[in-house]
Structures are given as C-alpha cells and as structure tokens.
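*Asks:* This is the structure, below, for whatever I ask next.
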Amino acid sequence: MLFHIAATAVLTNIAVLEIYSYYEVSPNVDIHLLMDESPLHRVFVYGTLKRGEPNHSLIQDAANGYSKFLGIGRTVTPYPLVIATRYNIPFLLKKPGFGHCVFGEVYDVDTKMLNKLDELEEHPAFYKRSEEDILYAPESKAKSTDNFEEVSTLIKVWIYFLPKFKASLLESPMYTSYSNEGSHGLKYCENEESTIRPEDLF
Numbered sequence: 001m002l003f004h005i006a007a008t009a010v011l012t013n014i015a016v017l018e019i020y021s022y023y024e025v026s027p028n029v030d031i032h033l034l035m036d037e038s039p040l041h042r043v044f045v046y047g048t049l050k051r052g053e054p055n056h057s058l059i060q061d062a063a064n065g066y067s068k069f070l071g072i073g074r075t076v077t078p079y080p081l082v083i084a085t086r087y088n089i090p091f092l093l094k095k096p097g098f099g100h101c102v103f104g105e106v107y108d109v110d111t112k113m114l115n116k117l118d119e120l121e122e123h124p125a126f127y128k129r130s131e132e133d134i135l136y137a138p139e140s141k142a143k144s145t146d147n148f149e150e151v152s153t154l155i156k157v158w159i160y161f162l163p164k165f166k167a168s169l170l171e172s173p174m175y176t177s178y179s180n181e182g183s184h185g186l187k188y189c190e191n192e193e194s195t196i197r198p199e200d201l202f
C-alpha cells in the first residue's frame, strides 16, 4: 500500500514538472535564439543624438539596431559641456567636478545600436564611453528641472566623454543642456566629408 502511495506521488510530481516546463518555455521557442538575443544597454545622450537634434536619425533608424527612449537624465557629477571646433560639436569633457550637472536623454539600445554609436563617437580612440551614475525620470514626471531631484531615481548608464582635450577648452562657455537651436548661435555643421583637426582639441 505504501509503495503505491509513493509511486503515485512521484508520478504526480513528474506530471506537474512537465506542465510547468511546458508553460515556462514553449516548445515553439528556440532556446539558442533566446541565448543569442542582444542584451540591452542603457545610454545617456546629451548632444546631437537627442530628439530634434542633427544626428537623432541615427538612433531612430531600426537598420542600426533597437533603441527606445526612456526619459530625461541628469548627471550627478558636474562636467563641462562645451561647443567646440569649427564644426560646433558639443563635447562632454572628462573633468568631473568642473562645469554643471548636465541634462540629456536616456535610451535602452541593443548591442548592434551600441556598436553603431561607438562607431559614430569613434570609441575608444576619440570619445571614450564610461559607465556613470545619473539621475533619471520619465518625461511625464520631469516637467520642470527645478524639482528634478524629487522625481528622479539613480541609475547607471553609458556616457561618451572626451577624455583628452586642450586646457583652453575649459575657458569656453559651459552649458547645462545642449540645443543646436540655442541662443549660443553655434550651428552644428559636421558631415561625412569633414574631419576634426587634432590641434582643435588636443
């Protein structure tokens, strides 16, 4: 009698596990495909990649990979955000504690899109991408920058910095956020044929 009870319990457990496995991973799902799927990377953009700015089409283009706008971000640490070179390019200089806490946009991107951004920013030869803490809030909550700290949370993101630069760049006007249409009047004019001269920055 005990043997029959034990056998029934074992068979019941096996049946439950089989049902659980069926619903956890459908037989129509390729396990290897799931394992190869690109993970998402969180990126903070502060310049020409933002919505409404000259290079935003790159991050919008599905041919470059996946991207999703998440909300507004602000660096926890002040950095110098300057506009420099004859092409009026916005640069975030790797000089922590100098300048302002900088506002930008936060995106989730897949590995393909991250590689495309690395290519645009010439990481790590020119810009260098590093993981930093920022304050983040959905756009619906970030109606005003005055109360941003109250509505935001701390997250880690990738940010592209200019690690090497001329000391004279620190004498340039510094901004809390970038817009190509800003009152600075410095219109971005870089294109595929243009090249930044090393002497402009280093």
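So in UniProt numbering, spot 197 of the sequence shown is number 197, and the numbers just go up one at a time.
Cβ coordinates follow ideal geometry from the N, Cα and C atoms, glycine included.
Does the segment 156-163 come close enough to the segment 119-131 to have 3 or more Cβ pairs within less than 8 angstroms?
*Replies:* They touch, by the three-pair rule.
*Asks:* Between residue 106 and residue 70, which are expected to be in contact by the criterion C-beta below 8 angstroms, what is the C-beta distance as a whole number of angstroms?
*Replies:* 5 angstroms
*Asks:* Provide the residue span of the beta strand (DSSP E) that contains residue 128, from first to last.
*Replies:* 128-137
*Asks:* Rounded to whole angstroms, what's the CA-CA distance from residue 113 to residue 172? Just pull it up for me.
*Replies:* 32 angstroms
*Asks:* Could you tell me whether the Cβ atoms of residue 134 and residue 51 are closer together than 8 angstroms?
*Replies:* Not a contact, by the Cβ cut-off of 8 angstroms.
*Asks:* Looking at C-alpha atoms only, which residue of 146, 155 and 76 is the closest neighbour of residue 41?
*Replies:* 155
*Asks:* Looking at residue 201: is its Cβ nearer than 8 angstroms to the Cβ of residue 85?
*Replies:* yes
*Asks:* Which partner residues does residue 182 have in the DSSP bridge list?
*Replies:* By DSSP's assignment, residue 182 forms no beta bridge with any residue.
*Asks:* Can you tell me which of 110, 191, 109 and 96 puts its alpha carbon nearest to the alpha carbon of residue 76?
*Replies:* Taking the Cα of residue 76 as reference, the smallest distance to any Cα among 110, 191, 109 and 96 is reached at 96.
*Asks:* What's the C-alpha gap between residue 53 and residue 72?
*Replies:* 15 angstroms
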